[in-house]
Amino acid sequence: MKNTLSAAKPASGSLKKPAWFVAFGFLVVLILINWYLQPSFFDGMVLHSNLTTFLPLILVAIGQTFVIMGGDIDLSVGSIAALVNVVTVSVIAMAGGDSASVPIGLVAGLVVAVLCGAFNGLLISYLRLQPMVATFGTGIIFSALALWILPQAGLAVPDVYWMTYGGTILGVPTVLWILVAGFVFVLIMKRRPFESHLKAVGGNRAGAFQSGIDMSFTRLLSFALCGLFAGFAALCLTGETASGDPLLGQSLAMGSISAVVLGGTMLSGGVGGAVGSIFGALLLGMIGNVIFFAGLPFEYQTLVQGLIVLAALAGGVLVARK
Amino acid sequence: MSPAITVRDLTKRFDKVHALTDGRLTVERGEIHALLGANGCGKSTLSKIVAGAYAPTSGTVLIDGKEVSFRSPRDAEQMGIALFYQELSLIPKMSVEANIFLRREPRNGLGFIDRDRMRAETLKLLEMFKEAVGDDIRPDALVADLTPGQRQIVEILKVYAKEPRIVIMDEATAALDGRQVKVFFDILRKKREEGVSTIFISHRLDEVFEICDHATIMRNGAVVAETTIADTTPEHVVHMMVGDVKKAPKRQLRDEDDKAPLLKLDAVGSAQLDNVSLSVAPGEIVGLGGLQGQGQSTLLRSLFGALPITSGEVLLNNEPVSIRKPADAVHRKIAYVSGDRGPDAALPGRSIFENLAAAILVSERRKLVRAKELQPQLAGVASAFKTKYARMTDAIGTLSGGNQQKIFIARWLATNPQLILLDDPTKGIDLAAKADLFALIRGLADSGVAVLLYSSEESELLDNCDRIAVFNDGAIVTELSGAEMDSFHLTRAAYGEA
Ligand SMILES: Nc1ncnc2c1ncn2[C@@H]1O[C@H](COP(=O)(O)OP(=O)(O)OP(=O)(O)O)[C@@H](O)[C@H]1O
Ligand SMILES: [Mg+2]
Chain W
22 MKNTLSAAKP ASGSLKKPAW FVAFGFLVVL ILINWYLQPS FFDGMVLHSN LTTFLPLILV
82 AIGQTFVIMG GDIDLSVGSI AALVNVVTVS VIAMAGGDSA SVPIGLVAGL VVAVLCGAFN
142 GLLISYLRLQ PMVATFGTGI IFSALALWIL PQAGLAVPDV YWMTYGGTIL GVPTVLWILV
202 AGFVFVLIMK RRPFESHLKA VGGNRAGAFQ SGIDMSFTRL LSFALCGLFA GFAALCLTGE
262 TASGDPLLGQ SLAMGSISAV VLGGTMLSGG VGGAVGSIFG ALLLGMIGNV IFFAGLPFEY
322 QTLVQGLIVL AALAGGVLVA RK
Chain D
2 MSPAITVRDL TKRFDKVHAL TDGRLTVERG EIHALLGANG CGKSTLSKIV AGAYAPTSGT
62 VLIDGKEVSF RSPRDAEQMG IALFYQELSL IPKMSVEANI FLRREPRNGL GFIDRDRMRA
122 ETLKLLEMFK EAVGDDIRPD ALVADLTPGQ RQIVEILKVY AKEPRIVIMD EATAALDGRQ
182 VKVFFDILRK KREEGVSTIF ISHRLDEVFE ICDHATIMRN GAVVAETTIA DTTPEHVVHM
242 MVGDVKKAPK RQLRDEDDKA PLLKLDAVGS AQLDNVSLSV APGEIVGLGG LQGQGQSTLL
302 RSLFGALPIT SGEVLLNNEP VSIRKPADAV HRKIAYVSGD RGPDAALPGR SIFENLAAAI
362 LVSERRKLVR AKELQPQLAG VASAFKTKYA RMTDAIGTLS GGNQQKIFIA RWLATNPQLI
422 LLDDPTKGID LAAKADLFAL IRGLADSGVA VLLYSSEESE LLDNCDRIAV FNDGAIVTEL
482 SGAEMDSFHL TRAAYGEA
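Taken in order, these protein sequences are the chains called W and D.
Residue numbers for the first sequence follow this note's numbering, so the first one is 22 and each next one is one higher.
Residue numbers for the second sequence follow this note's numbering, so the first one is 2 and each next one is one higher.
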């Protein structure tokens, strides 16, 4: 009997490129272009300010990845960020408005963030509402709450808040610390069973249930996690603006979803990872930069940005098909 | 000592469908117990209740004499019960090892998945099937990239990885070839010696008589008989299941046999096909034999335009054709029926009607669906196989496994094809429906249709084909016809010894 079985070779999973490969390639190209257009790109100051601009989207995209991997979607992340922002500044103001009240405000903001996410999760995984419809609705509610708490932009935070955020800790920029922490978190999750269960839920709901995974709870957790990361993003934005703004973060929902998809996570669920989303978010930021430095007239910037995003997405799809 | 499983007065209703009206079952420790019955009689429903995947409407389940009521498959698993899901519980986009250990991943001290241990244990499990699959299933391969048979083996390993005391094998052999079944049976026997109780569900009666000790027979949601295998005969069992089954008529040999071939393959090659030459005349049913995965399915899928052909020529009615995508094939009146329901066939979540109409709409290039016009026509085809369904508009997922398969077969027969490619089409359909199917296929052949049939079940080829081309490693090693068409020659040829 010669070689009877060689005809049915399974494609090897390990030799495939990771899902974020395309986003990473694009990112490198854009960085080179940006460097060419703006020779000071690699100066510490410039990197610092770029990272400060990109960080909120990176954080939201990390959270959004978990929801999308589970086959759901969260359109309310921008509203969660706005609500967290106004809650944080209001709580700090109520607690006295001095440096000592900052931690209280941060904690209050994060608690609200997790509660918002968990509320989404409850509606979707236990009451079985469609994720798109449900989070569109809760997004409106969270925005309304934000406006109710703080009808107008204002309420400055103590100096220590924005100075710490914009400054350095142990000689390293705070924003870099946060990025590194985000990366470490993502790498930890990659090796934890939770992410694998979430992908199972997103990849084949029946199979996941039959394998004994608690689907509702897993999905609930993914929404809570997404809320938490929208909260982190809000705290970063607060550090940037140094005050409250009930209308902040409106582009975060679409931005984060684009970043996740650019990073190789499939909207249908079950495939991908948050490492790619970080690259995806950086890529989106770099696209904006390059367009700015290329000196395009303002009216065209959005259009060109849209076209580049589309090209990157198409590239990803083509590579995935191979 | 109380029995491993006792099921009493079990019922299950889905909305208005009474899937199970009288489930009764007693399985002793260390026995292999067959659960038999026609498509849609409630076997999978009963199994899923015992395994915690469905909650019963009423009735009791006792494990080791103690009443249980499971709230999830996890509860059942903790009692040592594991179910092989007929539709497979695998996640296609995950690796073999991640699937086998899904939710039971070995962890290290930090709570991380211990990948080395997972790999090692997967390799150990794969060892059980080494004789039948060699090293073909890699632990890191995606399940989506496996053949139907390999996926089934992974689901079997997923069951045994849980080290269960009670195992339910719901049509676990449906896509396995003869050698794989043999290895599987050796495992079942070994487990029986270790005291594991197995409920064995299969539409292949020869398997039941080979491996089982007792049998419980169901009809229309109710248990109608319990018997010891040694005390009964296949004929009697079939009679209890479905009444009488008619046999497909053998082909009448006629003189005008050397008609011009309808399909002619000239040295067709591709990544998995090696110089395949074959011709099929109108009215002929040609079988593709051999061990699983030797190129039979690949050939059928290539002819249907789902896989590329890189060399050689395909002639249809003496005209070279190039079929690059399934739509090309459909327009040339080629039909493809696969037993692999999941990814190839189903429009999951869509209605039975939409699933039935899918092919006819492409073949007639229709853009507009006149549901009222089509429905009666399609209902006629579906009822030709006694497909059991409540309403045409119900979701396809509400059908039993076998009844779904009948819908996919009916879908293609409704398109009036001139060439029918059957890729293990009877996976999971019951004896009566199988007989109906082959009678129908033979009827179509007699009216001038050419048929290529691959089946993982050798008797199906021997009973229904006019010739059998035996595959090994992507090439046809021999063609059997006439007196050579028996199990002995087929097996010998399959192993490449002819
Ligand atoms: N989720 C569901 N919703 C509605 N009806 C269902 C559902 N599952 C099964 N049924 C119905 O219950 C009946 C029994 O189905 P079941 O799957 O138990 O049959 P089976 O004996 O396993 O058949 P097969 O041999 O075809 O696998 C069928 O009529 C089927 O249509
Ligand atoms: Mg079944």
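Backbone N, C-alpha and C define an ideal beta-carbon position, used for all residues, glycine too.
Take the alpha-carbon of residue 223 of chain D and the one of residue 13 of chain D: they are about 11 Å apart. Under the 8 Å Cβ criterion, the segment 211–225 of chain D counts as touching the segment 27–35 of chain D, having at least three qualifying pairs. Each of D:128, D:26 and D:145 was checked against the Cα of residue 89 of chain D, and the nearest Cα belongs to D:145. Remark: the shortest separation between the CB of residue 431 of chain D and any heavy atom of ligand 2 does not fall under 7 Å. The three-state secondary structure of residue 229 of chain W, taken from DSSP, is helix. Under the three-state reduction of DSSP output, residue 214 of chain W falls in the helix class. Considering only W:82, W:158, W:64 and W:187, the residue with the shortest C-alpha distance to residue 263 of chain W is W:187. It is roughly 47 Å from the alpha-carbon of residue 320 of chain D to the alpha-carbon of residue 209 of chain D. Annotated three-state conformation of residue 118 of chain D is helix, per DSSP. Using beta-carbon distances, residue 234 of chain W counts as an interface residue toward chain D, with a partner under 8 Å. In the DSSP assignment, residue 85 of chain D falls within the unbroken beta strand (DSSP E) covering 82–85.
Restricting attention to W:93, W:245 and W:104, the CA atom closest to the CA of residue 149 of chain W is found in W:93. Fewer than three pairs of CB atoms, one per stretch, sit closer than 8 Å, so the segment 75–90 of chain W makes no contact with the segment 320–328 of chain W. Rounded to whole angstroms, the gap between the alpha carbons of residue 190 of chain W and residue 65 of chain W is 15 Å.
Straight across, the Cα-Cα distance linking residue 325 of chain W with residue 283 of chain W is about 16 Å.
For the 8 Å CB-CB criterion, residue 283 of chain D and residue 336 of chain D do not form a contact.
Contact of residue 95 of chain D with chain W by beta-carbon distance below 7 Å involves 220, 221 and 224. Taking 8 Å as the threshold, the shortest C-beta distance from residue 326 of chain W to chain D does not fall below it. Spanning the alpha carbons of residue 169 of chain W and residue 182 of chain W requires a straight line of approximately 24 Å. Annotation: residue 412 of chain D has no Cβ neighbours in chain W at a cutoff of 9 Å; minimum Cβ distance is about 22 Å.
Assigned with DSSP and collapsed to three states, residue 9 of chain D falls in strand. Proximity to residue 168 of chain D across D:109, D:189, D:76 and D:424 peaks at D:189, based on C-alpha coordinates. At a cut-off of 8 Å, the C-beta of residue 185 of chain D has no neighbouring C-beta in chain W. Around the beta carbon of residue 238 of chain W, a 10 Å sphere encloses fewer than 16 other beta carbons of the protein chains shown; the residue is thus reported as exposed. DSSP places residue 454 of chain D within a strand segment (E or B) once states are collapsed to three. In the DSSP secondary-structure assignment, residue 15 of chain D is bridged to D:18. Cβ proximity to chain D below 9 Å picks out 209 from the segment 176–209 of chain W. 73, 74, 75, 78, 86, 90, 91, 92, 93, 94, 95, 96 and 99: these are the residues of the segment 71–100 of chain D whose beta carbon lies less than 7 Å from some beta carbon of chain W, given in chain order. Residue 401 of chain D carries a coil assignment under DSSP once its states are collapsed to helix, strand and coil. For a Cβ distance threshold of 7 Å, residue set 213 of chain W lies close to residue 112 of chain D, ordered along the chain. The three-state secondary structure of residue 266 of chain D, taken from DSSP, is strand. A Cβ-Cβ distance of about 17 Å is found for the pair residue 117 of chain W and residue 175 of chain W, leaving them out of contact under the 8 Å criterion.
For residue 166 of chain W, the uninterrupted alpha helix (DSSP H) segment begins and ends at 152–170. The beta strand (DSSP E) runs of length 3 or more contained entirely in the segment 274–349 of chain D are, from start to end of the chain, 274–281, 286–290, 312–317, 320–322 and 335–339. Nearest CB-CB separation between residue 228 of chain W and chain D: below the 8 Å threshold.
Residue 81 of chain D is positioned such that its CB atom lies closer than 8 Å to that of residue 166 of chain D.
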